[in-house]
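Single-structure report; data block below.
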């Protein structure tokens with residue numbers, strides 16, 4: 006993936022974060038009042054997480070760590086190789102699992118879980134983006 010594509014993925018995450026910040030989060034009732042809010046939020050979360058998975062895949066390839074079999078392996082392999090801080094897999098893997106649930110079990114996604122992620126875990130997207138870009142910046146390819 007060329008540096009322009011890396012930048013596009015990073016910009017996608019950043020744009021999703023801006024849009025997610027604009028979603029009403031005062032109460033679950035407020036969040037769920039608009040029938041379009043849940044699918045829009047799901048799409049933004051799924052898109053941001055997929056872009057992070059893609060960036061993680063580039064980081065794995067560039068750092069020469071073991072190729073992943075699953076998206077979670079991206080985090081495990083980068084952490085094991087010392088490229089992500091200890092505990093990163095435990096912190097960020099649930100968002101990868103959530104993305105898989107949205108894609109494959111879309112008809113069983115709990116709206117309250119989406120609301121919880123929106124309110125409590127949105128910063129994880131930003132933090133993982135920063136960590137991955139730091140890895141890619143070390144290689145001279147990001148931004």
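Numbering (the working numbering), first residue to last: 6 to 148.
We put the CB at the ideal spot given by N, CA and C, even for glycine.
When the options are compared against residue i, the one with the closest alpha-carbon
i	options	result
residue 65	18, 85, 49 and 130	85
residue 80	13, 136 and 19	136
Range of the contiguous alpha helix (DSSP H) that encloses residue i
i	result
residue 82	76-85
residue 30	Per DSSP, residue 30 belongs to no alpha helix (DSSP H) and is neither H nor E.
residue 108	93-109
residue 53	42-68
residue 132	127-143
Beta carbon of residue i nearer than 8 Å to that of residue j
i	j	result
residue 5	residue 107	Lying before the first or after the last residue shown, residue 5 is absent from the chain, which here runs from 6 to 148.
residue 8	residue 116	no
residue 154	residue 35	Look at the range of the chain in this structure, 6 to 148, and you will see that residue 154 is not part of it.
residue 97	residue 133	yes
residue 63	residue 11	yes
residue 141	residue 67	yes
residue 76	residue 58	yes
residue 25	residue 49	yes
residue 51	residue 13	no
Cβ separation of residue i and residue j, assumed to be a contact under 8 Å, to the nearest whole Å
i	j	result
residue 138	residue 56	So it is not a contact: roughly 12 Å between Cβ atoms.
residue 53	residue 17	7 Å
residue 100	residue 82	About 17 Å separates the two Cβ atoms, so there is no contact after all.
Min CB distance residue i to chain B below 8 Å
i	result
residue 59	Protein chains in the displayed structure number just one, and chain B is not present.
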